[in-house]
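First up is the structure itself, then whatever we jot down about it.
4 protein chains.
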Amino acid sequence: MEPEDRHTHATMSVARIETLADGVFAIAMTLLAFNLTVPVLDPRLSADQVAAGLPGQIYALGPAFVVYSLSFVVLGVYWVGHHAQFRVIDAADRAFLWINILFMMLIALVPFSTLLLSRYPLVPIAAQVYGIVLTLIGGAFYLHWRYATKGHRLVPPSTTEEFILAVQRRILIGPTVCAIAVLVAFVSTIVSIFLYAFLVPFYIAPGSVDRIVFRVRRSV
Amino acid sequence: MEPEDRHTHATMSVARIETLADGVFAIAMTLLAFNLTVPVLDPRLSADQVAAGLPGQIYALGPAFVVYSLSFVVLGVYWVGHHAQFRVIDAADRAFLWINILFMMLIALVPFSTLLLSRYPLVPIAAQVYGIVLTLIGGAFYLHWRYATKGHRLVPPSTTEEFILAVQRRILIGPTVCAIAVLVAFVSTIVSIFLYAFLVPFYIAPGSVDRIVFRVRRSV
Amino acid sequence: MEPEDRHTHATMSVARIETLADGVFAIAMTLLAFNLTVPVLDPRLSADQVAAGLPGQIYALGPAFVVYSLSFVVLGVYWVGHHAQFRVIDAADRAFLWINILFMMLIALVPFSTLLLSRYPLVPIAAQVYGIVLTLIGGAFYLHWRYATKGHRLVPPSTTEEFILAVQRRILIGPTVCAIAVLVAFVSTIVSIFLYAFLVPFYIAPGSVDRIVFRVRRSV
Amino acid sequence: MEPEDRHTHATMSVARIETLADGVFAIAMTLLAFNLTVPVLDPRLSADQVAAGLPGQIYALGPAFVVYSLSFVVLGVYWVGHHAQFRVIDAADRAFLWINILFMMLIALVPFSTLLLSRYPLVPIAAQVYGIVLTLIGGAFYLHWRYATKGHRLVPPSTTEEFILAVQRRILIGPTVCAIAVLVAFVSTIVSIFLYAFLVPFYIAPGSVDRIVFRVRRSV
Chain Z
0 MEPEDRHTHA TMSVARIETL ADGVFAIAMT LLAFNLTVPV LDPRLSADQV AAGLPGQIYA
60 LGPAFVVYSL SFVVLGVYWV GHHAQFRVID AADRAFLWIN ILFMMLIALV PFSTLLLSRY
120 PLVPIAAQVY GIVLTLIGGA FYLHWRYATK GHRLVPPSTT EEFILAVQRR ILIGPTVCAI
180 AVLVAFVSTI VSIFLYAFLV PFYIAPGSVD RIVFRVRRSV
Chain H
0 MEPEDRHTHA TMSVARIETL ADGVFAIAMT LLAFNLTVPV LDPRLSADQV AAGLPGQIYA
60 LGPAFVVYSL SFVVLGVYWV GHHAQFRVID AADRAFLWIN ILFMMLIALV PFSTLLLSRY
120 PLVPIAAQVY GIVLTLIGGA FYLHWRYATK GHRLVPPSTT EEFILAVQRR ILIGPTVCAI
180 AVLVAFVSTI VSIFLYAFLV PFYIAPGSVD RIVFRVRRSV
Chain P
0 MEPEDRHTHA TMSVARIETL ADGVFAIAMT LLAFNLTVPV LDPRLSADQV AAGLPGQIYA
60 LGPAFVVYSL SFVVLGVYWV GHHAQFRVID AADRAFLWIN ILFMMLIALV PFSTLLLSRY
120 PLVPIAAQVY GIVLTLIGGA FYLHWRYATK GHRLVPPSTT EEFILAVQRR ILIGPTVCAI
180 AVLVAFVSTI VSIFLYAFLV PFYIAPGSVD RIVFRVRRSV
Chain U
0 MEPEDRHTHA TMSVARIETL ADGVFAIAMT LLAFNLTVPV LDPRLSADQV AAGLPGQIYA
60 LGPAFVVYSL SFVVLGVYWV GHHAQFRVID AADRAFLWIN ILFMMLIALV PFSTLLLSRY
120 PLVPIAAQVY GIVLTLIGGA FYLHWRYATK GHRLVPPSTT EEFILAVQRR ILIGPTVCAI
180 AVLVAFVSTI VSIFLYAFLV PFYIAPGSVD RIVFRVRRSV
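Protein chains in written order, with numbering that gives the first Met the number 0: chain Z, 0 to 219; chain H, 0 to 219; chain P, 0 to 219; chain U, 0 to 219.
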């Protein structure tokens, strides 16, 4: 482990964080679909009665499909974000590993909060638990970026302050809106859910950050 | 992040898409087997009664095994296809990441639609939901290729138009046949299921595309 | 995609097969533990009654733990074997991808056959389904090696015939013993299970094959 | 497979162990959240009664959340540890693969022991099963390091004895404390759980080992 090995080690470390995170994201995403329970009809029904009754049962899964899509896309937002951060972060230390573990511990709660919300879409506490999980995820993700960039701890010295702050602002909007939505749920759960959904197009749309983080092959 | 870093970054980006996709495919495939529920016999039965009753219960899983195999192979078809596309696509941008997330969101629905079909193999709506999911997957997969190749956006400039169009045609056959099968299910679910099954040997068989995408080591 | 790209492409292809396989193995292995159901005691019992009753319920999971360990190790055997084959196989074609998908389709059945056997350890059909799945896995694994090495299709030309045959013989022992065990289960399920268990130390022990496939760093 | 290929092969081997381990860790971690069961309220309740009853049901999940966090962090500790060992270990042989499989077999039991403990937090046997699993994990992890470093079997010759022993001591503290906690549970399950929890800050805090294993980019 001579000093010249440093770069290799740092790279490996970052690679394994990404592998674990990709695993947790993939599993949490795929398990979201388990909230879509296949209807079980009374086995004593005739074939015609089943054929007549099943469509209604499937249409009743509508709200669950909406919440499934919302949560999948929210996980997608953070997967893309995590992905984007690691295009800049190129080293890791022990504290940073633990911030990642905290982040994944919160990501792994999304199937739970999603099932809660799809089962009780009109109950304030369900919308609030959903929002608290998202607020904490956003907060952990902010911490992730803050820790890595503080004094250029885990990013190349060439990273500009302007870029670091632009990413930081973009990250903070998520937990801020979610925290407001948690409070709004005391008054109206519908408005609260709309606030969560509103974040999605905001994060999907490319920001000023993209000019730096994503470089389409052709344009260079 | 100097310009000369571009290639490394583009590669990483593509690598993480593949890792997430492989994770979602692996989980969706393995979870398909959860539709094969182990029979639970009445605990008050004697050992002889259990030994006599269990075989019948296992043979009754026959249709579920058929649907399991069909869905596994269908996921395999899209995994091979995704795999093949990334032998040409060598960069990614934000929109492309989101097309991938949409694609995975649909792939993650396959265990649901498979369980629905194996529980209600003779009910039109079950065959239709199964087919709608496949049609959407095929459509998203077409979009994936179209977006990446439009103006050689994410593929090397050397990729020929002829090749791009050959892949495109091959992809489009899947969602076209599935969309027809969804309509056919209004008349006959059996014919509909046969249409889905018919696609499998078509996609497993090597196409003209393979001459370019797969190169067996020896033949070079 | 000039000829000189061939090596890169072949390598990527092989890498993604390994990633998918590792995913399926990891999930199938981890899900085996789901067969260990946590006892649910009557909620009306007093704390003392629960404390008195729980140990017995946990000891009753003994056979399930044995079957869990057996299946985990069996999956481990095939994971190590798959791993070892890919230290020689360095290219892939479409047919080979499909052999891998077939292999994973069978691997994904192991949690099912394991739960069946741990629920009905004394019923012949359970031991037979368990054995049929293992026989098919062994057969698919033989096919995997046979296809890759036939005429040095996907292995380096320097691979010796002697080595190819040694690996082949080692692979064939598994499905042969399992097929015999399936027949033996008609007479005695206990003997049948012992035959499966007997294979484990055989495959864990290093064979003549290892001298070539594994090279401990120091010994070179 | 000429001698000069050795390094490549050893590296691949290590890489696939890490991939499988990351998969098992990611799945075990994500599945921990399945112990948090979403409350099912009587469907005949009015919307107001559901809104009034749900918060209490969610607060009742408190202990399950605590056990979830504890187990997630414990898995995180071993993931970080496994990660750290592989920054030194750079080769593998067959016995080492099997030590890894044993390690993962025990890791995959954590969701089971966690659910048991969160369902029966006050029953000695639950705290003991939890502790036995942790003791065995720690023991397997010790074996993992011992086997790899014995006579510098799978680590570079430059690895110092002092470093090897420092890691060894740090590893041994875990299973030692857990074994004590198992005995303590005969007297008090609360004290036993506190002992498990006490290990977490110990392992999260950087040790003397980190000066060698982790090198923050800037500090070099």
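Glycine is no exception: its CB is placed at the ideal position from the N, C-alpha and C atoms.
Where does residue i sit, in a helix, a strand or coil, going by DSSP?
i        : result
ALA59/U  : coil
TYR77/Z  : helix
ILE109/Z : Position check: residue 109/Z holds Val in this sequence, whereas Ile was assumed. Helix at VAL109/Z.
LEU35/U  : coil
VAL176/Z : helix
TYR146/P : helix
ASP47/P  : helix
ILE88/Z  : coil
ASP41/U  : coil
THR159/P : coil
ARG152/H : coil
LEU69/H  : helix
Could you pull out every residue in the same chain whose Cβ sits closer than 6 Å to the Cβ of residue i, ignoring the five residues on either side in sequence?
i        : result
TYR202/P : VAL76
SER12/U  : ALA91
PRO120/Z : PRO62
LEU142/Z : ILE98
What residue from the options has the CA that sits closest to residue i's CA?
i        : options                                : result
ARG169/H : ALA20/H, GLY80/H, ASP21/H              : GLY80/H
HIS151/U : LEU164/U, ALA139/U, GLY22/U            : LEU164/U
LEU104/U : MET104/P, GLU17/P, PHE33/P, GLU161/P   : First, the amino acid is wrong: residue 104/U is Met here, not Leu. Measuring from the Cα of MET104/U, the nearest candidate turns out to be PHE33/P.
PRO110/H : VAL190/H, SER191/H, SER70/H            : SER70/H
PRO232/U : ALA50/P, ILE136/P, PHE193/P            : This structure cannot settle anything about residue 232/U, because the visible part of chain U is limited to 0 through 219.
GLY173/P : VAL190/P, VAL199/P, THR113/P, THR158/P : VAL199/P
GLU17/U  : VAL87/U, CYS177/U, LEU44/U, TYR58/U    : VAL87/U
GLY137/H : ASP89/H, GLU161/H, VAL176/H            : VAL176/H
ALA139/U : GLN48/U, LEU101/U, ASP21/U, ALA27/U    : LEU101/U
LEU153/H : ALA59/H, ALA94/H, SER112/H             : ALA94/H
LEU114/P : TYR58/P, GLY22/P, SER68/P              : SER68/P
Excluding sequence positions up to five away, which residues of its chain have a Cβ less than 7 Å from the Cβ of residue i?
i        : result
TRP144/U : GLN84, VAL166, GLN167, ILE170
LEU53/H  : PRO38, LEU40
VAL181/U : GLN127, GLY130, ILE131, THR134
ALA63/P  : ASN34, LEU35, SER117
VAL183/U : VAL190, SER191, LEU194
PHE24/U  : LEU74, TRP78, ILE106
Please list the partners that residue i has in chain H, where partner means a Cβ-to-Cβ separation under 8 Å.
i        : result
ALA107/P : MET28, THR29, LEU31, ALA32, PHE71
HIS82/Z  : SER12, ARG15, LEU96
ILE236/P : A question about residue 236/P goes unanswered here, because the residues of chain P that appear run from 0 up to 219.
Keeping to the same chain, check which residues put their C-beta closer than 8 Å to that of residue i; ignore five residues upstream and five downstream.
i        : result
LEU19/Z  : ASN99, MET103
LEU30/Z  : PRO110
GLU188/P : The question names Glu, but residue 188/P in the sequence shown is Thr. Excluding sequence neighbours, THR188/P sits near PRO120, LEU121, VAL122, PRO123, ALA125, ALA126.
PHE197/P : VAL176
LEU108/U : VAL132
VAL66/Z  : ASN34, THR113, LEU116, SER117, PRO120
At 8 Å on the CB atoms, spell out the chain P contacts of residue i, in chain order.
i       : result
LEU53/U : What LEU53/U touches in chain P: nothing, since even the nearest Cβ is about 19 Å away.
What residues from chain U crowd round residue i, counting only those whose CB sits closer than 7 Å?
i       : result
ILE57/P : ILE124, VAL128
LEU19/Z : ASP21, PHE24, ALA25, TRP78
ALA46/P : LEU121
Residue i touches chain U at which residues, Cβ-Cβ below 9 Å?
i        : result
TRP97/Z  : VAL72, GLY75, VAL79, ILE203
ILE136/Z : By Cβ distance, chain U contributes nothing, its closest Cβ being about 13 Å from ILE136/Z, past 9 Å.
Who are the neighbours of residue i on chain H, taking C-beta pairs under 7 Å?
i        : result
PHE111/P : ALA32, LEU35, VAL37
ILE192/P : By Cβ distance, chain H contributes nothing, its closest Cβ being about 15 Å from ILE192/P, past 7 Å.
So which residues on chain Z does residue i lean against when the C-beta distance must stay under 9 Å?
i       : result
SER68/U : MET104
For a contact meaning CB atoms closer than 7 Å, what does residue i contact in chain Z?
i       : result
VAL49/U : TYR119, VAL122
So does residue i have its beta carbon nearer than 7 Å to some heavy atom of the ligand FAD?
i       : result
ASP89/U : You won't find the ligand FAD in this model; it holds no ligand whatsoever.
Item checked: Where the segment 114–130 of chain H meets chain Z: residues whose CB sits under 8 Å from a CB there -> LEU114, LEU115, ARG118, TYR119, LEU121, VAL122, PRO123, ILE124, ALA125, VAL128
Margin query: So if I threshold CB-CB distances at 8 Å, which residues from the segment 146–168 of chain Z count as touching chain U?
Written below: GLY150, HIS151, ARG152, LEU153
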